[in-house]
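Same order as they appear, the protein sequences are chains P and U.
Heads up, the first sequence is in the numbering used here, so the first residue is 209 and it goes up one at a time.
Heads up, the second sequence is in the numbering used here, so the first residue is 7 and it goes up one at a time.
Right, one structure below, let's go through it.
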Amino acid sequence: DTAVSQTPKYLVTQMGNDKSIKCEQNLGHDTMYWYKQDSKKFLKIMFSYNNKELIINETVPNRFSPKSPDKAHLNLHINSLELGDSAVYFCASSQGWAGDSPLHFGNGTRLTVT
Amino acid sequence: AQSVTQLDSQVPVFEEAPVELRCNYSSSVSVYLFWYVQYPNQGLQLLLKYLSGSTLVKGINGFEAEFNKSQTSFHLRKPSVHISDTAEYFCAVSVNNQGGKLIFGQGTELSVKP
Numbered sequence: 209d210t211a212v213s214q215t216p217k218y219l220v221t222q223m224g225n226d227k228s229i230k231c232e233q234n235l236g237h238d239t240m241y242w243y244k245q246d247s248k249k250f251l252k253i254m255f256s257y258n259n260k261e262l263i264i265n266e267t268v269p270n271r272f273s274p275k276s277p278d279k280a281h282l283n284l285h286i287n288s289l290e291l292g293d294s295a296v297y298f299c300a301s302s303q304g305w306a307g308d309s310p311l312h313f314g315n316g317t318r319l320t321v322t
Numbered sequence: 007a008q009s010v011t012q013l014d015s016q017v018p019v020f021e022e023a024p025v026e027l028r029c030n031y032s033s034s035v036s037v038y039l040f041w042y043v044q045y046p047n048q049g050l051q052l053l054l055k056y057l058s059g060s061t062l063v064k065g066i067n068g069f070e071a072e073f074n075k076s077q078t079s080f081h082l083r084k085p086s087v088h089i090s091d092t093a094e095y096f097c098a099v100s101v102n103n104q105g106g107k108l109i110f111g112q113g114t115e116l117s118v119k120p
């Protein structure tokens, strides 16, 4: 059973479109995250949620809107896609948000905006 | 603010040779330290972590790392590498009660040659 699963794995779309990425974790963790990995493989946090509440919003454009319907799910909706949004997006989860709990990552969603 | 620097972007080694991947961090407060590995087209997996206590920590797949507070370093080592260790390695730090946010280094690509 996959612990953190994201769909879709690949997403190719045109500029200006709106798209969503879904994430689910079956680890019973309280905290979920979205990270962005750019073309140089640099990873940066976008958001984190603890028990459905937003706790980190790392100066991400408001075209990106996370939604957590329950603590096992954290979806990412992106409006008006731009070329610069092309990247790999990783969902992750951890038990707690104190910083000492390792993150468990999904396999990523490769978004290509043309 | 915290930052992480991985001193080598690429490390080529021959199979069965020892390897060290270097990581330095900057922080005015105590940090937790992590090494993650990313195999091609996959998410990140935890190799090892330092939270407190013994400065030498052992992880999966024969890797270990040593926390050096005076040098603000957390170098990763393996005495004998295998072809299967070829991957991207990320050093990361987090700080207590900052929402579980991980700050990553730029990554080191380890390439093991036969």
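Backbone N, C-alpha and C fix where the C-beta goes; we use that ideal spot for every residue, glycine too.
Just so it is clear, the structure is predicted and the values come from calculations on it, not from any experiment.
### Query
Which ranges does the beta strand (DSSP E) cover as unbroken runs of at least 3 residues, wholly within the region 49 to 108 of chain U, from first to last along the chain?
Runs of the beta strand (DSSP E) inside the region 49 to 108 of chain U: 50 to 56, 62 to 64, 70 to 74, 79 to 84 and 93 to 100.
### Query
Among all the DSSP beta bridges, which residues are the ones paired with D278 (chain P)?
As a position in the first sequence, residue 278 (chain P) is number 70, starting the count at 1. Residue pairing from DSSP places D278 (chain P) in a beta bridge opposite P:H281.
### Message
On the CB-based measure, 16 or more other CB atoms within 10 Å of its CB, does T114 (chain U) come out buried or exposed?
### Response
Mapped onto the second sequence, residue 114 (chain U) falls at position 108. With 16 or more Cβ atoms within 10 Å of its Cβ, T114 (chain U) is classed as buried.
### Query
DSSP on L291 (chain P), reduced to helix/strand/coil?
The sequence position of residue 291 (chain P) within the first sequence is 83, counting from 1. Judged by DSSP in its simplified three-state form, L291 (chain P) adopts helix.
### Interface residues of chain U facing N315 (chain P) [CB-CB closer than 8 Å]
The sequence position of residue 315 (chain P) within the first sequence is 107, counting from 1. Using a Cβ-Cβ cut-off of 8 Å, N315 (chain P) is close to N47, Q48 and G49 of chain U, given in chain order.
### T317 (chain P) (DSSP reduced to helix, strand or coil)
By 1-based counting over the first sequence, the position of residue 317 (chain P) is 109. Here T317 (chain P) sits in strand by DSSP.
### Query
Of all the options U:L13, U:E70, U:N103 and U:T61, which has the alpha carbon lying nearest to the alpha carbon of L52 (chain U)?
Counting from one through the second sequence, the residue named residue 52 (chain U) turns up at place 46. For the residues U:L13, U:E70, U:N103 and U:T61, the minimum Cα distance to L52 (chain U) belongs to U:E70.
### Message
Pop quiz: V87 (chain U) and V19 (chain U) are said to be a contact at Cβ under 8 Å. What is the actual Cβ separation, rounded to whole angstroms?
### Response
Here residue 87 (chain U) corresponds to residue number 81 of the second sequence, with the count starting at 1. Here residue 19 (chain U) corresponds to residue number 13 of the second sequence, with the count starting at 1. That pair is a contact at about 6 Å.
#### Entry: Range of the contiguous beta strand (DSSP E) that encloses F250 (chain P)
Here residue 250 (chain P) refers to the residue found at position 42 of the first sequence. Note, F250 (chain P): premise wrong, no beta strand (DSSP E); not H, not E.
### Query
beta strand (DSSP E) containing W41 (chain U): first to last residue?
Within the second sequence, the letter at position 35 stands for residue 41 (chain U). Its beta strand (DSSP E) spans residues Y38 to Q44.
### Query
Listed from N- to C-terminal order along the chain, which residues in the region 101 to 113 of chain U have their beta-carbon within a distance smaller than 7 Å of any beta-carbon of chain P?
So the list reads V101, N102, N103, Q104, G105, G106, K107, L108, F110, Q112 and G113, given in the order they occur along the chain.
### Query
Is the region 91 to 99 of chain U touching the region 30 to 47 of chain U in the sense that three or more CB pairs, one from each, lie closer than 8 Å?
A contact is defined here as three or more CB-CB pairs under 8 Å, and the region 30 to 47 of chain U meets this definition with respect to the region 91 to 99 of chain U.
### Query
If we call anything under 8 Å between Cβ atoms a contact, is A321 (chain P) one with S294 (chain P)?
Translated into positions along the first sequence, residue 321 (chain P) becomes position 113. Translated into positions along the first sequence, residue 294 (chain P) becomes position 86. Before going further, note that residue 321 (chain P) is Val rather than Ala in the sequence given. Cβ distance < 8 Å, so V321 (chain P) and S294 (chain P) count as in contact.
### Query
Can you find a heavy atom of the ligand COA that lies under 7 Å from the Cβ of G49 (chain U)?
You won't find the ligand COA in this model; it holds no ligand whatsoever.
#### Entry: Neighbourhood of S33 (chain U) by C-beta, 6 Å cutoff - its chain only, sequence neighbours within 5 removed
Position 27 of the second sequence, counted from the first residue, corresponds to residue 33 (chain U). Take S33 (chain U), set aside five residues on each side of it, and the residues of its chain with a beta-carbon closer than 6 Å to its own are Q8, in chain order.
### Query
Does the beta carbon of L311 (chain P) sit closer than 8 Å to a beta carbon anywhere in chain U?
Counting from one through the first sequence, the residue named residue 311 (chain P) turns up at place 103. Yes, L311 (chain P) counts as interfacial toward chain U.
### Query
What is the DSSP secondary structure of V25 (chain U), counted as helix, strand or coil?
Here the question's residue 25 (chain U) lines up with position 19 in the second sequence. DSSP places V25 (chain U) in strand when its eight states are reduced to three.
### Message
At the level of alpha carbons, what is the spacing between Q48 (chain U) and S76 (chain U)?
### Response
Here residue 48 (chain U) is taken as the residue at index 42 of the second sequence, counted from 1. Here residue 76 (chain U) is taken as the residue at index 70 of the second sequence, counted from 1. Approximately 34 Å, taken between the alpha carbons.
### Message
Using the Cβ count rule (16 or more neighbours within 10 Å means buried), how would you classify A300 (chain P)?
### Response
Reading the first sequence from its first residue, position 92 is the one you call residue 300 (chain P). Buried, by the Cβ-count rule.
### Query
Within the 8 Å Cβ cut-off, does L57 (chain U) reach chain P?
Stepping through the second sequence from its first residue, residue 57 (chain U) is reached at position 51. In terms of beta-carbon proximity, L57 (chain U) lines the interface with chain P, with at least one pair separated by less than 8 Å.
### Task
Can you have a look at N258 (chain P) and say buried or exposed, based on whether 16 or more other CB atoms are within 10 angstroms of its CB?
By 1-based counting over the first sequence, the position of residue 258 (chain P) is 50. N258 (chain P) should be labelled buried.
### Message
With the cut-off set at 8 Å, would you say T92 (chain U) and F73 (chain U) are in Cβ contact?
### Response
Here residue 92 (chain U) refers to the residue found at position 86 when the second sequence is read from its first residue. Here residue 73 (chain U) refers to the residue found at position 67 when the second sequence is read from its first residue. The Cβ atoms of T92 (chain U) and F73 (chain U) do not sit closer than 8 Å to each other.
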